[in-house]
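Protein chains in written order, with the numbering used here: chain A, 13 to 130; chain W, 13 to 130; chain L, 13 to 130; chain Z, 13 to 130. Written below as structure tokens is the structure these notes are about.
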């Protein structure tokens, strides 16, 4: 889980350095991408992340999560709330029974929703 | 916060669709980038996300977080734990007092650590 | 421009290291994102890339382009051809006259095409 | 190749829509990531891009290249020049003979340069 005390620790970290002024939603969205790319880099040439120890993967995922916490905080939203709200929408888009019976339907629905196959 | 019940809801969502087989760490790392880009797209041309309502921004952030939850679950790690462990390391790299007194030092330390200014 | 001799230099670079086996379209797509993030990092906290010299920005853009060349080569496509074909499509989607007279229409068309405002 | 006439076509496309004002280096760096993610999406769950036709992959690669052309233009640099200059540097970092004889050395050099294994 991500507890309130962890969110507070992230908030304190930022405040102690006077870094709130840099944490606009735009800059945080860029930062999520920059850290996400470092996570992806662990799997750049092979699916198994061979030369990297697990510690490195965990640290990169932690970086992505930290910027997500900062962004949720900046937007004034509760992470539980937005995750569950979106999950409900995704459940309706990809009904469990249909997905199990016809796995190809997932891709079709995805691209149709993107307007790519319209 | 992100509570255990939200993590369980994400886990159930995946299991009900038989999608565990797609959720390799590599695929989840790609997915974090793909959703992160949709979040960044809200700020592609202007810092203020003008034509998009807040609902859209929240949904894209929720998507990034959902894939992060799936990845933490797949790696078998606790999010609180990895975030706090990395935060301790980052605190030592960017001491609060130095950052407040000499803001430029942050960028220098960042690029030095990346080996770019060595 | 990107001349045939540059493309050949990239091809030779790969062949001399026996790296063709790593250059699947999937790995190259990941690599474009990883290098693109390093380019974005130059603008992470400020629009003007303050602490970085232009040399760094140029090198990161060169990295993105190099992976694009490798991907075009792997897909067996001519870059001029695919760029011009897509440009024709984009021109029809965003007619010049309409864009100049009604700049907001660009965003509306973009999100409508993405299925987000449908 | 990417010929001067293609670069000019991209330049005209932008000018005809009065879009130069949006094309700051920062916005173009974001745009490269956004289009790169759409390319990566073709390989999100499987390495072979199964449900998507090649046309789609080509169009996404074209989008990344188009933003790279715009960025090179904005920075006032020649793509041939920056690609070849960076390639020379990369050749020295990863000597061909060593790479062929000891493939693992590539990863070690990469992470060492990133300061991750220092």
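Think of the CB as a built atom: it goes at the ideal place given N, C-alpha and C, for glycine as much as any other residue. Bear in mind that the values here come from a model prediction, so they are computed numbers and not experimental data.
As a quick exercise: from the options, pick the residue whose alpha carbon is nearest that of residue i.
{"i": "residue 48 of chain L", "options": "L:82, L:110, L:75 and L:108", "result": "L:75"}
{"i": "residue 112 of chain W", "options": "A:17, A:26, A:81 and A:91", "result": "A:26"}
{"i": "residue 22 of chain W", "options": "A:22, A:119, A:92 and A:23", "result": "A:92"}
{"i": "residue 119 of chain W", "options": "L:119, L:55 and L:102", "result": "L:55"}
{"i": "residue 36 of chain A", "options": "A:82, A:69 and A:20", "result": "A:82"}
{"i": "residue 122 of chain A", "options": "L:126, L:122 and L:121", "result": "L:126"}
{"i": "residue 98 of chain A", "options": "W:31, W:69, W:32 and W:30", "result": "W:69"}
{"i": "residue 20 of chain Z", "options": "L:102, L:96 and L:90", "result": "L:96"}
What's the call for residue i, buried or exposed, on a 16-neighbour Cβ count within 10 Å?
{"i": "residue 110 of chain A", "result": "exposed"}
{"i": "residue 124 of chain W", "result": "exposed"}
{"i": "residue 65 of chain Z", "result": "exposed"}
{"i": "residue 44 of chain A", "result": "buried"}
{"i": "residue 67 of chain L", "result": "exposed"}
{"i": "residue 16 of chain L", "result": "exposed"}
{"i": "residue 18 of chain Z", "result": "buried"}
{"i": "residue 104 of chain L", "result": "exposed"}
{"i": "residue 117 of chain A", "result": "exposed"}
{"i": "residue 30 of chain L", "result": "exposed"}
{"i": "residue 24 of chain L", "result": "exposed"}
With C-beta atoms as the reference, is residue i less than 7 Å away from residue j?
{"i": "residue 196 of chain A", "j": "residue 38 of chain W", "result": "With chain A covering 13 to 130 only, the question about residue 196 of chain A has no answer from this structure."}
{"i": "residue 79 of chain W", "j": "residue 57 of chain Z", "result": "no"}
{"i": "residue 77 of chain A", "j": "residue 51 of chain A", "result": "no"}
{"i": "residue 14 of chain A", "j": "residue 14 of chain W", "result": "yes"}
{"i": "residue 53 of chain L", "j": "residue 46 of chain A", "result": "yes"}
{"i": "residue 28 of chain W", "j": "residue 108 of chain A", "result": "yes"}
At least one CB of chain C closer than 7 Å to the CB of residue i: is that the case?
{"i": "residue 117 of chain L", "result": "Protein chains in the displayed structure are A, W, L and Z, and chain C is not among them."}
For this session: May I ask you to list, following chain order, the residues of the stretch 44-59 of chain W that have a beta carbon less than 9 Å from some beta carbon of chain Z?
Result: 45, 46, 47, 48, 49, 50, 52, 53, 55, 56, 57 and 58
Exercise. Between the stretch 16-44 of chain Z and chain A, which residues of the former have a C-beta closer than 8 Å to a C-beta of the latter?
Worked result: 42
Problem set entry | Cβ contact (3+ pairs, closer than 8 Å) linking the stretch 30-46 of chain L and the stretch 79-86 of chain L | yes
For this session: Check distances from the C-beta atoms of the stretch 95-126 of chain L to those of chain A and list, in chain order, the residues that come in under 7 Å.
Result: 125 and 126
For this session: Scan the stretch 64-94 of chain L for residues whose Cβ lies nearer than 8 Å to a Cβ of chain Z and list them as they occur along the chain.
Result: 66, 69, 70, 71, 73, 74, 75, 76, 77, 78, 80, 81, 83, 84, 87, 89, 90, 91, 92 and 94
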